[in-house]
Amino acid sequence: MAFEGLADRLQKTIQKIRGKGKVTEADVKEMMREVRLALLEADVNFKVVKEFVKKVSERAVGQEVMKSLTPGQQVIKVVKEELTELMGGEQSKIAVSNRPPTVIMMVGLQGAGKTTTTGKLANLLRKKYNRKPMLVAADIYRPAAIKQLETLGKQLNIPVFSLGDQVSPVEIARQAVEKAKEEHHDYVLIDTAGRLHVDEALMAELKEIKELAKPDEIFLIVDAMTGQDAVNVAQSFNEQLGLTGVVLTKLDGDTRGGAALSLRAVTQTPIKFVGLGEKMDAIEPFHPERMASRILGMGDVLTLIEKAQATVDEEKAKELEKKIRTASFTLDDFLEQLGQVRKMGPLDELLKMMPGANKIKGLNNLTIDEKQIAHVEAIIKSMTKEEKIHPEIINASRRKRIAKGSGTTIQEVNRLLKQFEDMKKMMKQMAGMQQKGKRKGGFKLPFNPF
Amino acid sequence: MSFFKKLKEKITKQADSVTVKFKEGLTKTRDSFAGKVNDLVARYRKVDEEFFEELEEILIQADVGFDTAMELIDELKMEVKRRNIHDPKEVQAVISEKLVEIYQGGEESISELNIQEDGLTVILFVGVNGVGKTTTIGKLAHKFKSEGKNVLLAAGDTFRAGAIEQLEVWGERVGVEVIKQGAGSDPAAVMYDAIRAAKARKADILLCDTAGRLQNKVNLMKELEKVKRVIEREIPGAPHEVLLVVDATTGQNAMIQAKTFKEATNVTGIVLTKLDGTAKGGIVLAIRNELNIPVKFVGLGEKMDDLQEFDAEKYVYGLFANLIENETEK
Chain U
1 MAFEGLADRL QKTIQKIRGK GKVTEADVKE MMREVRLALL EADVNFKVVK EFVKKVSERA
61 VGQEVMKSLT PGQQVIKVVK EELTELMGGE QSKIAVSNRP PTVIMMVGLQ GAGKTTTTGK
121 LANLLRKKYN RKPMLVAADI YRPAAIKQLE TLGKQLNIPV FSLGDQVSPV EIARQAVEKA
181 KEEHHDYVLI DTAGRLHVDE ALMAELKEIK ELAKPDEIFL IVDAMTGQDA VNVAQSFNEQ
241 LGLTGVVLTK LDGDTRGGAA LSLRAVTQTP IKFVGLGEKM DAIEPFHPER MASRILGMGD
301 VLTLIEKAQA TVDEEKAKEL EKKIRTASFT LDDFLEQLGQ VRKMGPLDEL LKMMPGANKI
361 KGLNNLTIDE KQIAHVEAII KSMTKEEKIH PEIINASRRK RIAKGSGTTI QEVNRLLKQF
421 EDMKKMMKQM AGMQQKGKRK GGFKLPFNPF
Chain V
1 MSFFKKLKEK ITKQADSVTV KFKEGLTKTR DSFAGKVNDL VARYRKVDEE FFEELEEILI
61 QADVGFDTAM ELIDELKMEV KRRNIHDPKE VQAVISEKLV EIYQGGEESI SELNIQEDGL
121 TVILFVGVNG VGKTTTIGKL AHKFKSEGKN VLLAAGDTFR AGAIEQLEVW GERVGVEVIK
181 QGAGSDPAAV MYDAIRAAKA RKADILLCDT AGRLQNKVNL MKELEKVKRV IEREIPGAPH
241 EVLLVVDATT GQNAMIQAKT FKEATNVTGI VLTKLDGTAK GGIVLAIRNE LNIPVKFVGL
301 GEKMDDLQEF DAEKYVYGLF ANLIENETEK
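Quick mapping for you: the protein sequence lines, in order, are chains U and V.
Quick note: the UniProt record's numbering has the first sequence finishing at residue 450, numbered continuously throughout.
Quick note: the UniProt record's numbering has the second sequence finishing at residue 330, numbered continuously throughout.
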């Protein structure tokens with residue numbers, strides 16, 4: 001990660017005030033400097049940061065330090081709570097009109113991801129809510145924008161309404177709504193052209209579409225990497241059109257996404273969804289708490305847990321735990337583990353979500369090559385049953401055979417065996433730690449992320 | 001002679017139309033950034049700590065980033081002390097001077113592209129999704145074509161729906177040929193084809209489009225490395241330029257973009273797009289400062305000829321145009 005998270009930043013300040021019973025004004029001032037920096041580096045708008053810091057300072061001064069927390073953790077807790085609150089509750093609901101079709105208008109700057117998001121949203125409506133959406137290609141300006149939506153429509157098998165690029169977007173929207181009524185589509189998603197919020201002519205066009213199509217929702221699509229200007233863009237779109245929601249895109253990148261906070265603070269409109277990739281199902285409801293963690297650079301523990309829960313079979317997990325405890329973990333178990341973890345998504349993304357992961361040496365810039373994992377799988381699969389349970393019997397000629405069978409090299413086989421041995425050693429230590437920990441009241445993370 | 005006067009004289013000597021483009025394209029940016037500086041200068045009677053603090057705020061709001069803003073402020077403080085400046089109005093000229101200095105990075109005319117005198121020049125375009133790579137290529141193709149060059153485009157974005165068609169529309173508009181394969185094909189193979197075609201047709205310029213990719217996607221970055229490798233293998237010394245396209249609205253993440261793309265493809269310059277909005281693209285200042293990647297082009301509008309070669313002096317002139325004109329008229 002290129003920027004230090006708030007937790008890392010605060011570590012330095014915290015050293016000085018460790019052991020104090022109360023957070024004093026001076027402590028808070030010093031820590032707030034770090035909070036301010038962390039937020040600015042996350043691209044939260046300057047004015048929003050100013051107000052936020054003021055509010056948090058007031059709340060943090062004089063607070064009793066909870067027994068379980070250090071003063072630094074206390075401040076992080078307050079900061080995170082305030083951030084979460086500022087970003088509003090989880091509101092991923094989409095309006096339903098009593099007189100169908102429900103019309104959704106997608107607006108935003110160029111390149112924010114409107115067309116892709118339009119496709120994703122339609123897909124979500126159909127899959128999750130069992131709706132019958134129709135897409136409307138109203139971007140007549142960008143070359144091949146219509147073609148892009150049509151291609152997505154074809155992929156998703158969702159109809160796309162288009163009149164080519166010679167008809168005005170206002171007329172396209174009008175006819176589309178008519179057509180949707182006739183064909184009993186219950187959702188109409190209008191993909192408008194990207195435009196600058198200061199482009200008066202094009203903003204007027206959006207207002208006209210709004211007048212005619214009477215949308216139930218107007219979503220502003222915003223690139224999560226947007227900097228300080230996010231407030232100007234959001235404010236302008238909101239004033240001219242009256243937004244009902246925001247969709248934050250490209251959150252699968254490594255941006256902190258401080259724009260989310262700015263958007264919310266300026267428009268008072270809920271962030272409803274986030275885009276997390278180029279595939280059509282890469283859209284999720286917005287979780288303010290997770291976003292707060294991300295902005296502060298504290299890792300997205302909840303997403304990680306959720307992903308784990310969704311993929312790991314509980315029975316199997318128990319079994320595994322026992323194996324780890326008794327150190328009877330075999331290469332077969334390892335293979336299965338690998339499979340389960342991979343189901344959760346790309347490994348380096350998982351790692352990034354772990355709090356404190358950036359503190360572990362070497363993990364900082366670690367990138368995991370998925371190909372290597374495929375090699376590991378191939379190696380293990382080229383072993384006999386006996387070899388998998390008792391890897392110590394693997395001698396030189398067996399190594400040669402395994403390497404040949406898996407299409408890898410003897411060096412790779414050696415490396416894997418060594419890693420597996422180290423892992424088993426580590427498991428023994430962990431098992432020991434857990435038992436010790438139980439007596440002392442639980443194993444603790446280097447800091448409490450919540 | 002004051003810095004402003006020098007700047008104005010230097011610029012009025014040059015082609016006027018370009019200066020006008022900068023001035024017009026930067027209207028919104030000027031209104032907010034320079035407007036704030038002007039306002040600041042007007043409100044303060046002396047140059048003190050508070051003055052600098054507010055200036056720091058303005059810089060941060062332009063996405064310059066905290067570290068670069070601090071560095072710039074420190075340098076300004078030193079200059080102010082050295083020149084014994086007390087009037088805030090004089091500080092303004094020093095700010096402009098410093099901006100030009102950073103943008104130029106001590107080297108003159110670095111914004112010029114590395115165009116081969118004879119033979120093929122290959123330019124590779126890289127960047128995250130939605131920054132305007134394809135549009136930039138279209139506009140550049142127009143520029144080269146109108147200079148009488150034989151231009152060819154390579155449709156290397158085989159991933160995003162409609163990307164190939166988008167480049168084809170540009171090809172038709174400008175009147176240049178697009179080398180393509182089907183959607184989903186290997187972009188490296190497209191490049192191979194395109195280079196073959198460019199050689200056969202004796203093209204002067206080959207502009208290579210690639211799919212937008214977020215810099216933390218390891219596999220996609222590796223794919224890009226491969227694309228570049230194929231180009232290198234086919235023509236020694238190519239690609240002659242690797243241009244990272246950056247959206248001016250991007251915040252601090254642009255720094256990570258620049259770092260990662262530089263590692264993967266050895267970026268030689270930046271195209272800063274969408275500067276005609278209210279965004280200031282201040283992050284390129286930080287990128288120039290830290291990674292020494294120069295800005296080569298800026299997008300100042302939607303029209304074909306709105307993509308302009310970056311010129312630090314014209315840029316700063318565009319930012320402070322009103323002020324400079326007032327100042328020098330006096």
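Virtual Cβ for every residue (Gly too), placed ideally from N, Cα, C.
Since the model is a prediction, treat every value here as computed from it, not as a measurement.
Quick check: residue i and residue j, are their CB atoms within less than 9 Å of each other?
{"i": "residue 389 of chain U", "j": "residue 413 of chain U", "result": "no"}
{"i": "residue 80 of chain V", "j": "residue 72 of chain V", "result": "no"}
{"i": "residue 251 of chain V", "j": "residue 201 of chain U", "result": "no"}
{"i": "residue 242 of chain V", "j": "residue 273 of chain V", "result": "no"}
{"i": "residue 452 of chain U", "j": "residue 82 of chain U", "result": "No information on residue 452 of chain U is available, as it lies outside the stretch 1 to 450 that chain U covers here."}
{"i": "residue 112 of chain U", "j": "residue 223 of chain U", "result": "yes"}
{"i": "residue 135 of chain U", "j": "residue 161 of chain V", "result": "no"}
{"i": "residue 206 of chain V", "j": "residue 154 of chain V", "result": "yes"}
{"i": "residue 173 of chain V", "j": "residue 70 of chain V", "result": "no"}
{"i": "residue 168 of chain U", "j": "residue 140 of chain U", "result": "yes"}
{"i": "residue 173 of chain U", "j": "residue 209 of chain U", "result": "yes"}
{"i": "residue 407 of chain U", "j": "residue 377 of chain U", "result": "no"}
{"i": "residue 19 of chain V", "j": "residue 314 of chain V", "result": "yes"}
{"i": "residue 187 of chain V", "j": "residue 212 of chain V", "result": "no"}
Which of helix, strand or coil does DSSP assign to residue i?
{"i": "residue 76 of chain U", "result": "helix"}
{"i": "residue 285 of chain U", "result": "strand"}
{"i": "residue 167 of chain U", "result": "coil"}
{"i": "residue 391 of chain U", "result": "helix"}
{"i": "residue 334 of chain V", "result": "No information on residue 334 of chain V is available, as it lies outside the stretch 1 to 330 that chain V covers here."}
{"i": "residue 426 of chain U", "result": "helix"}
{"i": "residue 130 of chain V", "result": "coil"}
{"i": "residue 215 of chain U", "result": "coil"}
{"i": "residue 224 of chain U", "result": "coil"}
{"i": "residue 129 of chain U", "result": "helix"}
{"i": "residue 103 of chain V", "result": "helix"}
{"i": "residue 196 of chain U", "result": "coil"}
{"i": "residue 245 of chain V", "result": "strand"}
{"i": "residue 287 of chain V", "result": "helix"}
{"i": "residue 7 of chain V", "result": "helix"}
{"i": "residue 151 of chain V", "result": "strand"}
{"i": "residue 191 of chain V", "result": "helix"}
Would a check of beta-carbon distances place residue i closer than 9 Å to chain V?
{"i": "residue 123 of chain U", "result": "no"}
{"i": "residue 363 of chain U", "result": "In this prediction, residue 363 of chain U scores a pLDDT of 46, lower than 50, which makes its location untrustworthy; no coordinate-derived value is stated."}
{"i": "residue 494 of chain U", "result": "Only positions 1 to 450 of chain U appear in this structure, which leaves residue 494 of chain U out of reach."}
{"i": "residue 243 of chain U", "result": "no"}
{"i": "residue 143 of chain U", "result": "yes"}
{"i": "residue 200 of chain U", "result": "no"}
{"i": "residue 103 of chain U", "result": "no"}
{"i": "residue 373 of chain U", "result": "no"}
{"i": "residue 41 of chain U", "result": "yes"}
Say whether chain U places a C-beta atom closer than 9 Å to the C-beta of residue i.
{"i": "residue 169 of chain V", "result": "yes"}
{"i": "residue 308 of chain V", "result": "no"}
{"i": "residue 128 of chain V", "result": "yes"}
{"i": "residue 112 of chain V", "result": "no"}
{"i": "residue 39 of chain V", "result": "no"}
{"i": "residue 331 of chain V", "result": "The requested residue 331 of chain V is not part of the displayed model; chain V covers only 1 to 330."}
{"i": "residue 47 of chain V", "result": "no"}
{"i": "residue 73 of chain V", "result": "no"}
Contact check, residue i vs residue j under 8 Å by CB: the rounded distance?
{"i": "residue 254 of chain U", "j": "residue 216 of chain V", "result": "4 Å"}
{"i": "residue 265 of chain V", "j": "residue 28 of chain V", "result": "32 Å between Cβ atoms; not a contact."}
{"i": "residue 295 of chain U", "j": "residue 257 of chain U", "result": "6 Å"}
{"i": "residue 218 of chain U", "j": "residue 243 of chain U", "result": "5 Å"}
{"i": "residue 293 of chain V", "j": "residue 256 of chain V", "result": "Contact doesn't hold; Cβ gap of about 13 Å is too wide."}
{"i": "residue 164 of chain V", "j": "residue 180 of chain V", "result": "5 Å"}
{"i": "residue 25 of chain V", "j": "residue 281 of chain V", "result": "Not a contact, Cβ separation roughly 12 Å."}
{"i": "residue 307 of chain V", "j": "residue 297 of chain V", "result": "6 Å"}
Which residues in the same chain as residue i place their Cβ atom closer than 6 Å to its Cβ, once the five residues preceding and following it in sequence are excluded?
{"i": "residue 46 of chain U", "result": "none"}
{"i": "residue 252 of chain U", "result": "276, 277"}
{"i": "residue 123 of chain U", "result": "156, 280"}
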